[in-house]
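Remarks on the structure that follows.
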Amino acid sequence: MLKQGVTGVILAGGQGQRMGGQDKGWVCYQGRPMIEQIFERLQDQVDEIIIVANRNQDAYAELGVKVVADCLDGFQGPLVGIATGLEQSRYEQVVFVPCDGPFISPDLVERFTAQYAVSGKPAIVASDGERIQPMVVMLQTSLLADLHEALKAGERKPDRWYARVGMDQVSFPAQSLHNFNTPEQIKQSD
Numbered sequence: 050m051l052k053q054g055v056t057g058v059i060l061a062g063g064q065g066q067r068m069g070g071q072d073k074g075w076v077c078y079q080g081r082p083m084i085e086q087i088f089e090r091l092q093d094q095v096d097e098i099i100i101v102a103n104r105n106q107d108a109y110a111e112l113g114v115k116v117v118a119d120c121l122d123g124f125q126g127p128l129v130g131i132a133t134g135l136e137q138s139r140y141e142q143v144v145f146v147p148c149d150g151p152f153i154s155p156d157l158v159e160r161f162t163a164q165y166a167v168s169g170k171p172a173i174v175a176s177d178g179e180r181i182q183p184m185v186v187m188l189q190t191s192l193l194a195d196l197h198e199a200l201k202a203g204e205r206k207p208d209r210w211y212a213r214v215g216m217d218q219v220s221f222p223a224q225s226l227h228n229f230n231t232p233e234q235i236k237q238s239d
């Protein structure tokens, strides 16, 4: 794929409560940490990768990418991680993926940028055909001021914020958007 100035952000800042408190990025699926699998799938699609992580930052940094903590303390949710990624990006277009979804499509970024070129909507969200997957999204850094205001006002739901700023969708096969929330889900799928 021809890269066009896109940052990829892997969101790894959660507490992993449903995963027994484990850092989901380092949980193994098919014998390898999910973060490594996601990194491999994303690296050829973007110009830079940033990992937003609130723990195990040294381990994430061994992947050779920039690692940053949430811009607000206290595990306040993925919208804070998204704000952090937008703040840290060198490029206007930023694609976000979760650290627990090792199946991302090899044409994710290409399809997001194509849809943005058609619709001009600042939030392009992945859908499985039935519902959106709010952690798989492309946003423009020009949204950062609006996002900071929304966070100050108490907003923590990404899908609600996307709808307010202007959202379009791109459909992907459900499997490419699948993520793991519990150890049982990994065992069943492994």
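Mind the numbering: the sequence shown is residues 50 to 239 in my numbering, read in order.
Heads up, the beta-carbon is just placed ideally off N, CA and C, and yes, glycines get one too.
Keep in mind it's a predicted model, so treat the numbers as computed, not measured.
Here V95 is actually not in contact with F145; their C-beta atoms are around 11 Å apart, not less than 8 Å. Pairing T133 with A102, the inter-Cα distance amounts to about 10 Å. DSSP places I153 outside any beta strand (DSSP E), giving it a letter other than H or E. Counting other Cβ atoms within 10 Å of its Cβ, K73 reaches 16 or more and is therefore classed as buried.
In this structure, the beta-carbon distance from I131 to L60 falls below 9 Å. By the C-beta density criterion, S138 is buried, having at least 16 other C-beta atoms within 10 angstroms. Within the model, the alpha-carbon separation for N228 versus K206 is close to 18 Å.
Residue V117 holds the alpha-carbon nearest to the alpha-carbon of V58 among D107, V117, W75.
In summary, D107 is exposed, with fewer than 16 beta-carbon neighbours lying within 10 Å of its beta-carbon over all protein chains present.
The bridge partners DSSP lists for F145 are V58, V186.
For V129, the uninterrupted alpha helix (DSSP H) run begins and ends at 127 to 137, by DSSP. Excluding sequence positions up to five before and after L112, its CB lies within less than 6 Å of the CB of F88, all in the same chain and listed in chain order. Secondary structure at K115: strand, using DSSP grouped into helix, strand and coil. C-alpha of I173 to C-alpha of T162: approximately 8 Å in a straight line.
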